[in-house]
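*Asks:* Protein chains in written order, with UniProt numbering: chain A, 1 to 163; chain B, 1 to 409.
1) Taking a contact to mean a Cβ-Cβ separation below 7 Å, would you say residue 75 (chain B) touches residue 260 (chain B) in this structure?
2) Taking 7 Å as the cut-off, decide whether the C-beta atoms of residue 420 (chain B) and residue 181 (chain B) are in contact.
3) Roughly how far, in whole angstroms, is the beta-carbon of residue 370 (chain B) from the beta-carbon of residue 37 (chain B), given that I think they are within contact range, below 8 Å?
4) Quick one: does residue 25 (chain A) have its CB under 7 Å from some CB of chain B?
5) Flag residue 160 (chain A) as yes if its beta-carbon sits less than 7 Å from any beta-carbon of chain C, otherwise no.
6) Sort out for me which residues DSSP pairs residue 141 (chain B) with in a bridge.
7) In chain order, which alpha helix (DSSP H) runs of at least 4 residues are fully inside the UniProt domain "HTH asnC-type" (1–81) of chain A?
8) For chain B, find out if any of its Cβ atoms is closer than 7 Å to the Cβ of residue 28 (chain A); answer yes or no.
9) Taking residue 40 (chain B) as the query, report the chain A residues whose CB atoms sit under 9 Å from its CB, ordered along the chain.
10) Taking 7 Å as the cut-off, decide whether the C-beta atoms of residue 63 (chain A) and residue 110 (chain A) are in contact.
11) With H, G and I counted as helix, E and B as strand and the rest as coil, what does DSSP make of residue 11 (chain B)?
12) Is the beta carbon of residue 288 (chain B) closer than 7 Å to that of residue 148 (chain B)?
13) Leaving out five residues before and five after residue 185 (chain B) in sequence, what residues of the same chain have Cβ atoms less than 7 Å from its Cβ?
14) With DSSP run on the structure shown, which of helix, strand or coil describes residue 265 (chain B)?
15) Three Cβ pairs or more, each shorter than 8 Å: is that satisfied between the region 303–313 of chain B and the region 269–282 of chain B?
16) Just to confirm before moving on: does the CB-CB distance between residue 105 (chain A) and residue 70 (chain A) stay below 7 Å?
17) Within a Cβ cutoff of 6 Å, which residues of the same chain sit near residue 104 (chain B), ignoring the five residues on either side of it in sequence?
18) Determine the closest residue to residue 411 (chain B) out of B:301, B:354, B:330, B:382, with distance taken between C-alpha atoms.
19) First and last residue of the beta strand (DSSP E) that includes residue 177 (chain B)?
20) Could you check whether the Cβ of residue 56 (chain B) sits closer than 7 Å to any Cβ belonging to chain A?
21) Applying a beta-carbon distance threshold of less than 8 Å, which residues of chain B neighbour residue 15 (chain A)?
22) Span of the beta strand (DSSP E) holding residue 97 (chain A)?
23) Can you have a look at residue 146 (chain A) and say buried or exposed, based on whether 16 or more other CB atoms are within 10 angstroms of its CB?
24) Please list the partners that residue 368 (chain B) has in chain A, where partner means a Cβ-to-Cβ separation under 8 Å.
25) Excluding the 5 residues flanking residue 191 (chain B) on each side, which residues of the same chain have their C-beta closer than 7 Å to its C-beta?
26) Is the CB-CB distance between residue 221 (chain B) and residue 118 (chain B) below 7 Å?
27) When DSSP labels each residue in this structure, what does residue 89 (chain A) get in the three-state scheme?
28) Where residue 25 (chain B) and residue 159 (chain B) are concerned, what is the direct C-alpha to C-alpha distance, given to the nearest angstrom?
29) List the DSSP bridge partners of residue 27 (chain B).
30) Going along the chain, which residues of its own chain have a beta-carbon closer than 7 Å to the beta-carbon of residue 42 (chain A), five neighbours each way excluded?
31) With a threshold of 7 Å between beta carbons, is residue 384 (chain B) in contact with chain A?
32) Would you say residue 124 (chain B) reaches chain A, if we count a Cβ-Cβ gap shorter than 7 Å as a contact?
33) For the putative contact between residue 56 (chain B) and residue 368 (chain B), defined by C-beta atoms under 8 Å, what is the C-beta separation to the nearest angstrom?
34) Locate the beta strand (DSSP E) running through residue 158 (chain A), then write down its first and last residues.
35) Between the C-alpha atoms of residue 336 (chain B) and residue 347 (chain B), what's the straight-line distance to the nearest angstrom?
36) Could you pull the start and end residues of the beta strand (DSSP E) that residue 223 (chain B) belongs to?
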């Protein structure tokens, strides 16, 4: 990855709404070069999606998120790939990571309520043949996600005008 | 019954309340004018409008990097609350020496040629107080940071402004410096990269200035607080010019580069005789810079701050391009600021004074920027806009200024 593309990614990571023209100005580059670099990174799945980070606790329609540690038996030749795929295809599953340490997969699940998540774990996840054990941890409060602190800081306290 | 006018105690009380202390004040304290920025500041402060976007504040929008803050917290937990040596913690001075050597190829002896101060401002004050005798003239290229002239007055000196021009990118020229020199000239104050213009001076551009400094036996106070914020080429310290190290007091600090304005951490480097004189004033007035601030500064230079500093610089540079292009696209002339974090567009085309423009921009477009005339000669007709604020705020501010300009047509 060249430095130009990395700079574009840095800016888009902070604000996905920045236009190619603005990014071009900020980097002192041509708009066409920025547009083609973005298009290239989209095509190569370096940029996978433009998403919004939402603090759901601010919204009435609260969601429940749980992290599930999954212990499972790897398959000959394919390791954890098949099991991971079976798990991540469920729409309730937000992320799946292969982990080192005491368990194998870490699965993030989002549901409307506690019951829905619990039922998914017992009916879908635990019943997958190679799954040996699961441990569920419900997220009570999100303080920081994807590098963004959710805590409400007070407004800018700098003076309005200074020397 | 006693009439009102016969109640002397009441009258005396009223007199002191209405400013009767004036005749007790020293002439220099009475006569320095209040900051030109004050009236505008009051106007902005009086407005309770939460929707104002301010480009008026000369400080980073970043908070001090966490590792730097954490170092100070940890030092407090360990009970590091005592005075440090007057000149500052030896390990901090060592680190400053190393940093100046790595960044700007300067060599200073931390033991004899360096003093840690309460912000860069104290360094300038100490240098002026150590150098000036009544009537000495201090040469100050303008527009410039608003404190140089009043501090000079408080030290008993006379500040002589040298106008710089947009056509010269607000750089000091050898001709104008030469023309301003009189037998009473003693000190030249330089501030490049410049607040408020964003001008820088390259090594080659400073050479003829150095020649005149030498010929006229001047001392230079070089305020390099924005040195790290140099976007075109590398910053060259005035002290790095041939023969200038002993004639220069280099003043800098941590406020701008490390987002540490509130810590008030600065330093001054120069000839041992001058540093020793400054140290005497410092020890009788300040004693030493705050200990926890020195610990934080040490962390900033050695571990936690350098990488963050580079990240912040890159961000300022990106926003600089955005703002300059924005002003030019809306038809305001704007020389390219190559340092600090200010753009200095001209509003002369509107026919308004900078004060009128800034005031109407505040009231009608809700954007606060500082009128250029407060920075001295050559500042009239310009507006200082600090771009150390978020991209979304800058974009919104530029749109508002553009609409405001179109409303004038």
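We put the CB at the ideal spot given by N, CA and C, even for glycine.
*Replies:* On the basis of the supplied data:
1) In this structure, residue 260 (chain B) does not lie closer than 7 Å to residue 75 (chain B) by Cβ.
2) Because residue 420 (chain B) is not part of the residues shown, which for chain B are 1 to 409, the question remains open.
3) Taking C-beta atoms under 8 Å as the contact rule, residue 370 (chain B) and residue 37 (chain B) qualify, at a distance of about 6 Å.
4) Output row for residue 25 (chain A): interface = yes.
5) No chain C appears in this structure, whose protein chains are A and B.
6) According to DSSP, which records beta bridges pairwise, residue 141 (chain B) is partnered with B:162.
7) If you keep only unbroken alpha helix (DSSP H) runs of at least 4 residues inside the UniProt domain "HTH asnC-type" (1–81) of chain A, you get 3–14, 20–27, 31–43.
8) Chain B contact via Cβ: present.
9) For residue 40 (chain B), the neighbours in chain A by C-beta distance under 9 Å run, in chain order, 161.
10) Cβ distance < 7 Å, so residue 63 (chain A) and residue 110 (chain A) count as in contact.
11) Unreliable positioning characterises residue 11 (chain B) in this predicted model, as indicated by a pLDDT of 45, which lies under 50. The coordinate reading is nonetheless provided below. Reduced to three states, the DSSP call for residue 11 (chain B) is helix.
12) No, the Cβ-Cβ distance between residue 148 (chain B) and residue 288 (chain B) is not below 7 Å.
13) Excluding residues within five positions, the ones whose Cβ falls inside 7 Å are 137, 139, 216, 218.
14) In the three-state reduction of the DSSP assignment, residue 265 (chain B) falls in the strand class.
15) Segments in contact, no.
16) For residue 105 (chain A) and residue 70 (chain A), yes; Cβs fall inside 7 Å.
17) Taken in chain order, the residues that qualify are 237.
18) Residue 411 (chain B) is absent from the model: chain B starts at 1 and stops at 409.
19) Per DSSP, residue 177 (chain B) belongs to no beta strand (DSSP E); it is in the alpha helix (DSSP H), 174–180.
20) The beta carbon of residue 56 (chain B) sits closer than 7 Å to some beta carbon of chain A.
21) Per Cβ cutoff of 8 Å: 391, 392.
22) In this chain, the beta strand (DSSP E) harbouring residue 97 (chain A) covers 93–98.
23) Under a 10 Å Cβ-count criterion, residue 146 (chain A) is classified as exposed, with fewer than 16 other Cβ atoms of the shown protein chains found around its own Cβ.
24) Within chain A, the C-beta atoms nearer than 8 Å to that of residue 368 (chain B) come from 160, 161, in chain order.
25) Cβ within range, chain order: 144, 145, 223.
26) Taking 7 Å as the Cβ cut-off, residue 221 (chain B) and residue 118 (chain B) do not qualify as a contacting pair.
27) Coil, per DSSP.
28) Roughly 21 Å between the two C-alpha positions.
29) BP columns for residue 27 (chain B) are empty, so no partner.
30) Within the same chain, and ignoring the five residues on either side of residue 42 (chain A) in sequence, no residue has its Cβ closer than 7 Å to its Cβ.
31) No, residue 384 (chain B) does not count as interfacial toward chain A.
32) The Cβ of residue 124 (chain B) sits no closer than 7 Å to any Cβ of chain A.
33) Approximately 4 Å separates the beta-carbon atoms of residue 56 (chain B) and residue 368 (chain B); this is inside 8 Å, confirming the contact.
34) Looking at the DSSP string, residue 158 (chain A) is not in any beta strand (DSSP E), and its letter there is neither H nor E.
35) Approximately 15 Å, taken between the alpha carbons.
36) First-last of the beta strand (DSSP E) with residue 223 (chain B): 219–223.
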